[in-house]
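Residue numbers (full-length UniProt numbering): 1 to 323. Even for Gly, the Cβ is constructed at its ideal location relative to N, Cα and C. Input: a single structure, listed below in structure tokens.
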């Protein structure tokens, strides 16, 4: 039995039914000629979402991505250091002493998965620092994702791959030169490393890596070109946080701050979140709240799946891919 057949037979009510509705809505949006933005919060790359997301990119089911700096870099960490990762199934039971032991072995824990600092983070730092310094010395400036595209497409890391490269979503995105928005990149491991290299003088111009405001101006131009009444852009949000909050605001910015009246609202919206509806939480806000901010319209297809994105997102993608 195909995954889609299994899901449609068994997922009939509550969040299970919302999953089916959202996936079918995603397909309908694309079938009508729409485009889709996928936003990645949390640690989805360390959860190896690339296994399904890379295929979505290959099959042109995603036209633009917004992600945290952590998700950008952690896909590459996994690509080059997968064999050195350690899983800790009993992570809930770890004592402070055991956590300290992980630190002393340079194993940085994300829930049940430990990322090896030396094999992952420092290996990538050494390679990307060369690109930072080369651009800095040439007076060139690039976005964070563009630096990753350069090193991935250069072949410098090919010999270090420890997973099937088809399971790296960022590598697939690089091959298509997919636009990526990375708000708050400074809040990432490589962002911290970059700051250190600016302080030490290895990078002279702090603006060699382009900023979040420049990402917003880039997104405004991209949205203006790609969102039309005949072909709107949908918004598929995995988790909460800045990965979703930042890009969704491009629409009210174009309307309210630039006074442009011919810009369509987002044409589809779905959020997978484990944040329940609460007081003041944007991640826990129901989609209709976004109507009041000029992000979604009254008739925009809206879905919310209150569940674990590591479980839900690959299933939604499976339906979209007709698997």
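In the displayed model, residue 139 falls within coil according to three-state DSSP, outside both helix and strand. In this structure, the straight-line span from the alpha carbon of residue 90 to that of residue 285 is close to 32 Å. When the alpha-carbon of residue 132 is set against those of 206, 212, 112, the nearest one is in 206.
Burial is judged here by how many other beta carbons sit within 10 angstroms of a residue's own beta carbon; residue 191 has at least 16 and is buried.
DSSP lists 115 as the bridge partner or partners of residue 108.
DSSP places residue 154 in the uninterrupted alpha helix (DSSP H) bounded by 144-154. In the three-state scheme derived from DSSP, where H, G and I count as helix and E and B as strand, residue 251 is classed as helix.
Just measuring C-alpha positions, the residue of 214, 54, 237 sitting nearest residue 79 is 54. Note that the segment 34-52 does not touch the segment 124-141; fewer than 3 beta-carbon pairs, one per stretch, sit closer than 8 Å. Each residue's CA atom was taken as its position, placing residue 212 and residue 10 some 43 Å apart.
Per DSSP, reduced to three states, the secondary structure at residue 2 is coil, with no helix or strand assignment. According to the DSSP assignment, residue 40 belongs to no alpha helix (DSSP H) but to the beta strand (DSSP E) extending over 35-40. The Cβ atoms of residue 320 and residue 27 lie closer than 8 Å to each other. Selection 274, 118, 172 evaluated against residue 62 yields 172 as nearest (Cα-Cα).
Taking all protein chains in view, the Cβ of residue 152 is crowded by 16 or more other Cβ atoms within 10 Å, so the residue is classified as buried.
Out of 174, 73, 74, the CA that lies nearest to the CA of residue 58 is found in 174. Under the 8 Å Cβ criterion, the segment 147-162 does not count as touching the segment 19-37, having fewer than three qualifying pairs.
In the DSSP annotation of this structure, the continuous segment of the beta strand (DSSP E) that includes residue 234 starts and ends at 233-238.
Ranked by Cα distance from residue 170, the first of 185, 76, 242, 224 is 76.
DSSP links residue 303 through a beta bridge to 270. Contact between residue 300 and residue 266 holds, since their C-beta atoms are separated by about 6 Å, short of 8 Å. Each of 161, 224, 45 was checked against the Cα of residue 259, and the nearest Cα belongs to 224. Taking a contact to require three or more Cβ pairs closer than 8 Å, the segment 98-105 and the segment 182-189 do not qualify as touching. A direct Cα-Cα distance of roughly 24 Å separates residue 189 from residue 139.
If you ignore the 5 residues before and after residue 219, its C-beta comes within less than 7 Å of the C-beta of 181, 247, 250, all in its own chain and listed in chain order. Residue 66: member of the beta strand (DSSP E) spanning 64-67, first to last residue. Nearest Cα to residue 163 within the set 147, 119, 81: 81.
The C-beta distance from residue 313 to residue 49 rounds to 6 Å, short enough to fall under 8 Å. DSSP places residue 21 in the uninterrupted alpha helix (DSSP H) bounded by 14-31.
Each residue's CA atom was taken as its position, placing residue 95 and residue 87 some 16 Å apart. For residue 314, the enclosing alpha helix (DSSP H) covers residues 309-320. DSSP places residue 86 in the strand class (E or B) of the three-state scheme. In the three-state reduction of the DSSP assignment, residue 203 falls in the coil class, being assigned neither a helical nor a strand state. Residues 128, 131, 132, 135, 209 of the same chain have their beta carbon placed closer than 8 Å to that of residue 147, with the five preceding and five following residues left out of the count.
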